[in-house]
Structures are given as C-alpha cells and as structure tokens.
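Asks: Residue numbers (the working numbering), protein chains in the order written: chain A, 476 to 606; chain B, 78 to 274. Ideal placement from N, C-alpha and C gives every residue a C-beta, glycine not left out. The structure displayed is predicted, hence computed values, not measured ones.
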Amino acid sequence: TVGCVVVDSQGRCAAATSTGGLMNKMAGRIGDSPLIGAGTYACDLCGVSCTGEGEAIIRGTLARDVAAVMEYKGLSLQEAVDFVVNERLDEGRAGLIAVSRNGEVACRFNTNAMFRGFATEDGFTEVGIWD
Amino acid sequence: MGGWAIAVHGGAGVDPNLPQERQEEAKKLLARCLDLGISALRSNLPAIDAVELVVRELETDPLFNSGRGSALTENGTVEMEASIMDGPKRRCGAVSGLTTVKNPISLARLVMEKSPHSYLAFSGAEEFARQQGVETVDNGYFITEENLGMLKLAKEANSILFDYRIPAVGLESCSVGPPDDNLLAMNGLPISLYAPE
Chain A
476 TVGCVVVDSQ GRCAAATSTG GLMNKMAGRI GDSPLIGAGT YACDLCGVSC
526 TGEGEAIIRG TLARDVAAVM EYKGLSLQEA VDFVVNERLD EGRAGLIAVS
576 RNGEVACRFN TNAMFRGFAT EDGFTEVGIW D
Chain B
78 MGGWAIAVHG GAGVDPNLPQ ERQEEAKKLL ARCLDLGISA LRSNLPAIDA
128 VELVVRELET DPLFNSGRGS ALTENGTVEM EASIMDGPKR RCGAVSGLTT
178 VKNPISLARL VMEKSPHSYL AFSGAEEFAR QQGVETVDNG YFITEENLGM
228 LKLAKEANSI LFDYRIPAVG LESCSVGPPD DNLLAMNGLP ISLYAPE
C-alpha cells in the first residue's frame with residue numbers, strides 16, 4: 476500500500492491511498508484502502524492515510540478516529556495518532572501518516588517498520604524505514 | 078496557518094532481512110516523491126492535486142504494493158483499489174477491483190469529481206474508466222516476476238501475506254515476535270504477522 480497526505484499553504488488537508496491489497500488474497504476481497512474513514516480520511520482538521528492489516532484498520536475506523544479524537548477529545552495530531560494506533564487496533568498491525576491544518580506531520584506504526592517520508596515548509600525533511 | 082507539510086508512505090511492516098540496496102532504493106523513491114510534492118506545494122497547487130500527483134508516482138514505480146508491482150490475488154491476477162479525500166468540503170472518491178486502470182488514484186479522483194457517487198467497484202469502475210478515457214493497460218502490466226515468486230511462497234505456506242517482500246528462507250523464520258503471533262488466523266488462513274505489508 477502507498478499513501479500521501481498533504482496540508483497546503485492555505486491550510487487545506489487532503490489524503491490519498493492506493494494498493495494491490497494482500498498477496499494471495501481471495502478474488503473480490505476489498506481492504507481498507509478504498510474505504511473512506513478506514514484507510515483514508517481528510518477534513519478541516521487533518522488528513523490521514525493508513526497501511527497494514529486491512530481488516531483491523533476497517534474494524535477500528537482508523538483514519539476517521541484520528542480526526543474524531545482531535546475534534547471531540549481536543550488531542551493534538553501526534554497525541555491522536557498515538558491514541559488510535561495504541562487503542563483501536565487490538566491485535567492488528569498497521570501504521571499511518573497524518574498532517575494537520577497547522578502544518579504538523581505525524582506518524583505511528585506498531586509493525587516492525589514502515590516506509591515513510593516527511594517534509595514541512597520550515598525545511599524539516601526525513602525519510603525512514605525502521606522503528 | 079503553519080505552512081504546508083507532506084507525508085508519504087510505502088507500506089507498514091518490512092521484511093527484517095530486506096537487503097541494503099533494496100532499502101536504499103525505497104528511500105530514494107520516497108525522497109523523489111517528497112520532492113515532487115514539495116515542488117507542487119511551492120507552486121501553490123492545492124492539497125488534493127498534490128496527493129494525487131504523488132500517489133500516481135508511487136503507483137507507476139513497481140517498488141511498492143500499488144499499481145505496477147501490486148500484490149496478486151490467489152488467481153495470480155491484480156485487483157487494485159484506491160481512495161482520495163479533500164478535507165475542506167470532505168469530498169471523496171474510491172475505487173476497487175480495478176484490473177486495467179494504470180493509475181487507480183486518478184480514477185478515484187474522477188469518481189469524486191465527475192460521478193454522482195463516492196465509490197465504484199469492479200466492472201462498474203472499469204466501465205467508468207473507459208467512459209472517462211483514462212489510460213488502461215493489460216492486467217499483465219501490473220504483474221512482476223518478484224510478486225509471482227511471492228505468490229508461490231504464499232500458496233506453499235497456505236497463508237495470506239500483507240506485503241510482497243518475503244525473506245528468502247520462508248515464513249517461519251521471519252517472525253520477530255513471540256512464536257504464537259504467527260498462528261493468528263484471518264479468514265481461516267494463518268497470517269504471518271511479520272511478513273511485511
């Protein structure tokens with residue numbers, strides 16, 4: 476699975492996710508990537524893209540929950556991302572990237588690694604794989 | 078406003094034995110995609126255009142599990158899916174079951190922009206792709222030798238793998254977690270948790 480989340484200079488957020496799914500999956504299987512609210516979500520507050528065990532991401536409505544805990548619990552982006560990965564995946568394994576309308580980036584994963592990259596307007600750039 | 082920002086990912090869960098040069102290849106692709114997004118944002122493209130642009134690049138490169146290089150179904154074919162969402166008005170588009178569309182994320186965008194719906198799948202999505210004149214290719218375009226090898230291993234292990242990289246020595250030894258982690262099942266098939274997504 477691949478994904479990208481962006482907040483632009485006007486503070487608008489967007490998210491996009493694309494995948495081939497699981498190797499050896501049953502034909503017709505649909506995972507989290509096309510499900511708005513599970514693998515992909517964006518609103519006024521943030522943009523989120525997820526990857527990992529699709530079935531766990533679907534059950535946990537992972538992407539929407541990041542926005543919801545920001546909206547209803549008043550958590551910051553990183554706090555929301557930490558909360559969702561820690562509390563919503565049960566035994567599932569997944570990771571996600573997120574941006575907020577304030578120009579923050581955040582990421583979290585409970586797998587052994589995640590291919591990821593970040594950049595912000597103030598010059599911060601990072602590309603990583605391992606924990 | 079805090080300024081623009083961008084994040085990209087290429088999948089969670091990585092084969093612990095992934096060779097160094099493959100890791101460098103992956104980092105180079107991620108960096109290239111970041112640069113693409115950064116120049117789009119510096120040219121004041123809206124966020125929705127930037128995410129589509131970057132994911133198209135990731136779909137076109139066979140390194141990660143999307144577009145060309147997608148994981149294979151049990152039948153050895155490719156069925157792709159994607160979704161996109163624009164924050165301000167929470168507009169969204171999604172597609173599933175694509176077999177010939179070269180860039181699924183752009184079809185998802187067209188579902189959002191040019192259809193009265195939010196989600197199209199399988200033959201309906203393929204028909205919409207033809208109506209919209211998006212670039213289509215034979216299903217074989219998406220299939221790579223490496224993934225054919227992965228599928229073979231997955232079938233031998235009778236398991237579903239979350240991603241397309243698998244250690245040369247087979248599933249059992251790739252686990253990093255406690256042994257019983259590997260016995261979790263999904264849909265009746267054993268899942269190897271540390272076979273990467």
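1. Figure out for me which residue from B:L135, B:H194, B:R168 has the closest Cα to the Cα of P40 of chain B.
2. Which class does E601 of chain A belong to by DSSP, given the choice of helix, strand or coil?
3. What does the alpha-carbon distance come out to for the pair A171 of chain B and N152 of chain B?
4. Taking only three categories from DSSP, how would you classify M227 of chain B?
5. List in chain order: all unbroken alpha helix (DSSP H) runs of 4+ residues lying wholly within the segment 494-546 of chain A.
6. Can you tell me whether K179 of chain B is buried or exposed, with buried defined as 16 or more other CB within 10 angstroms of its CB?
7. So, does the CB of H194 of chain B fall closer than 7 Å to a CB anywhere in chain A?
8. Please check the pair A513 of chain A and I533 of chain A, which I expect to be a contact at CB under 8 Å, by giving their CB distance rounded to whole angstroms.
9. Less than 6 Å between the CB of I182 of chain B and some heavy atom of the ligand NAD, yes or no?
10. Within 8 Å, do at least three Cβ pairs link the segment 147-161 of chain B to the segment 486-495 of chain A?
11. Can you look up G254 of chain B in the DSSP assignment and give me helix, strand or coil?
12. Tell me the rounded alpha-carbon separation between G506 of chain A and A117 of chain B.
13. Between the segment 184-192 of chain B and the segment 207-215 of chain B, can you find at least three pairs of beta-carbon atoms closer than 8 Å?
14. Using beta carbons (cut-off 7 Å, strictly below), is K229 of chain B in contact with chain A?
15. So with CB distances below 7 Å, who are the chain B contacts of Y516 of chain A?
16. List the residues of chain A that S200 of chain B touches, going by C-beta distances under 9 Å, in chain order.
17. Could you please give the first and the last residue of the uninterrupted beta strand (DSSP E) stretch that includes F590 of chain A?
18. Following the continuous alpha helix (DSSP H) through I220 of chain B, name the residue where it begins and the one where it ends.
19. With a CB to CB cut of under 6 Å and the five nearest residues on each side skipped, what residues in its chain are close to V599 of chain A?
20. Does chain B have any CB closer than 7 Å to the CB of N561 of chain A?
21. Spatial neighbours of L149 of chain B within its chain, please: C-beta separation below 8 Å, excluding the five flanking residues on both sides.
22. For my contact list, T595 of chain A and G80 of chain B are in at a C-beta cut-off of 8 Å; report their separation, rounded to the angstrom.
23. Hey, does M157 of chain B have any beta-carbon neighbour from chain D nearer than 7 Å?
24. Thinking V523 of chain A and A538 of chain A are a contact (beta carbons under 8 Å), I'd like their distance in whole angstroms, please.
25. Which term fits P509 of chain A, buried or exposed, when burial requires 16 or more other beta carbons within 10 angstroms of its beta carbon?
26. Using a Cβ-Cβ distance cut-off of 7 Å, determine whether E249 of chain B contacts chain A.
27. Have a look at G425 of chain A and P193 of chain B and give me their C-alpha separation to the nearest angstrom.
28. Report all residues from its chain with a CB closer than 8 Å to the CB of A588 of chain A; omit the five preceding and five following residues, and keep chain order.
29. Short of 8 Å in beta carbon distance, which residues of its chain neighbour E101 of chain B, apart from the five on each side in sequence? Order them along the chain.
30. Strictly under 7 Å for the Cβ-Cβ distance: is A648 of chain A near chain B by that measure?
31. Would Q100 of chain B pass as an interface residue toward chain A - the criterion being a Cβ-Cβ separation below 7 Å?
32. Could you compute how far the alpha carbon of E98 of chain B sits from the alpha carbon of K548 of chain A?
33. Is there a C-beta anywhere in chain A that falls below 7 Å from the one on S143 of chain B?
Replies: The structure says:
1. Past the edges of chain B, shown from 78 to 274, lies residue 40 of chain B, and the structure says nothing about it.
2. As a first step, residue 601 of chain A is located in the first sequence; it is residue number 126 there, counting from the start. Strand.
3. Taking the first residue of the second sequence as 1, we reach residue 171 of chain B at position 94. Taking the first residue of the second sequence as 1, we reach residue 152 of chain B at position 75. So the alpha carbons of these two residues sit roughly 24 Å apart.
4. If you number the second sequence from 1, residue 227 of chain B lands on position 150. Three-state result, M227 of chain B: helix.
5. For the segment 494-546 of chain A, whole alpha helix (DSSP H) runs of length 4 or above, ordered along the chain, are 529-535.
6. Along the second sequence, read from residue 1 onward, the residue named residue 179 of chain B stands at position 102. K179 of chain B should be labelled buried.
7. Position 117 of the second sequence, counting from 1, holds the residue named residue 194 of chain B. False, the Cβ-Cβ gap to chain A never drops below 7 Å.
8. Sequence index remark: in the first sequence, residue 513 of chain A carries index 38 (1-based). Sequence index remark: in the first sequence, residue 533 of chain A carries index 58 (1-based). That belief holds up - the Cβ atoms of A513 of chain A and I533 of chain A are roughly 5 Å apart, short of 8 Å.
9. Judged by which ligands are present, the structure shown has none, so any question about the ligand NAD falls away.
10. yes
11. Position 177 of the second sequence, counted from the start, is the residue given in the question as residue 254 of chain B. The predicted model places G254 of chain B with a pLDDT of 31, which falls under 50 and marks its position as unreliable, so this point remains unresolved.
12. On the first sequence, position 31 is the one that residue 506 of chain A refers to. On the second sequence, position 40 is the one that residue 117 of chain B refers to. Answer to the nearest angstrom: the Cα atoms are 30 Å apart.
13. yes
14. The residue you call residue 229 of chain B lines up with position 152 of the second sequence. It does not; no Cβ of chain A falls within 7 Å.
15. Counting from one through the first sequence, the residue named residue 516 of chain A turns up at place 41. Residues of chain B passing the Cβ test: M162.
16. Translated into the one-based positions of the second sequence, residue 200 of chain B becomes position 123. None at all; the shortest Cβ gap to chain A is about 12 Å.
17. On the first sequence, residue 590 of chain A is found 115 positions in, with the first residue counted as 1. Here the beta strand (DSSP E) through F590 of chain A covers 588-595.
18. Counted from its first residue, the second sequence places residue 220 of chain B at position 143. It is not in any alpha helix (DSSP H) - I220 of chain B carries neither H nor E in the DSSP assignment.
19. Walking along the first sequence from the start, residue 599 of chain A turns up at place 124. One point to set straight first is that residue 599 of chain A is Phe, not Val, in the sequence displayed. Closer than 6 Å at the Cβ level, and outside the excluded window around F599 of chain A, lies no residue.
20. The residue given as residue 561 of chain A occupies position 86 in the first sequence. Closer than 7 Å: no.
21. Numbered from 1 along the second sequence, position 72 holds the residue referred to as residue 149 of chain B. Within the same chain, L149 of chain B has close Cβ partners V155, I220, N224, L225, M227, L228.
22. Numbered from its first residue, the first sequence carries residue 595 of chain A at position 120. Numbered from its first residue, the second sequence carries residue 80 of chain B at position 3. Indeed they touch by this definition, with Cβ atoms about 7 Å apart.
23. This model lacks chain D altogether, as its protein chains are A and B.
24. Position 48 of the first sequence, counted from the first residue, corresponds to residue 523 of chain A. Position 63 of the first sequence, counted from the first residue, corresponds to residue 538 of chain A. Right, their Cβ atoms sit about 4 Å apart.
25. Within the first sequence, residue 509 of chain A is the residue found at index 34, counting from 1. Buried is the call here.
26. The residue you call residue 249 of chain B lines up with position 172 of the second sequence. Annotation note: pLDDT 32 at E249 of chain B (below 50); position unreliable, coordinate value reported separately. No, because no Cβ of chain A sits closer than 7 Å to the Cβ of E249 of chain B.
27. Any question about residue 425 of chain A goes unanswered here, given that chain A covers just 476 to 606.
28. Within the first sequence, the letter at position 113 stands for residue 588 of chain A. Answer for A588 of chain A: I604, W605, D606, listed in chain order.
29. Within the second sequence, residue 101 of chain B is the residue found at index 24, counting from 1. Excluding positions up to five away in sequence, the list is empty.
30. The structure shown does not extend to residue 648 of chain A, since chain A is modelled only from 476 through 606, so no value can be given for it.
31. Stepping through the second sequence from its first residue, residue 100 of chain B is reached at position 23. It does; some Cβ of chain A falls within 7 Å.
32. Against the second sequence, residue 98 of chain B aligns to sequence position 21. Against the first sequence, residue 548 of chain A aligns to sequence position 73. If I take the Cα positions, the gap works out to 43 Å.
33. Here the question's residue 143 of chain B lines up with position 66 in the second sequence. Interface residue, yes.
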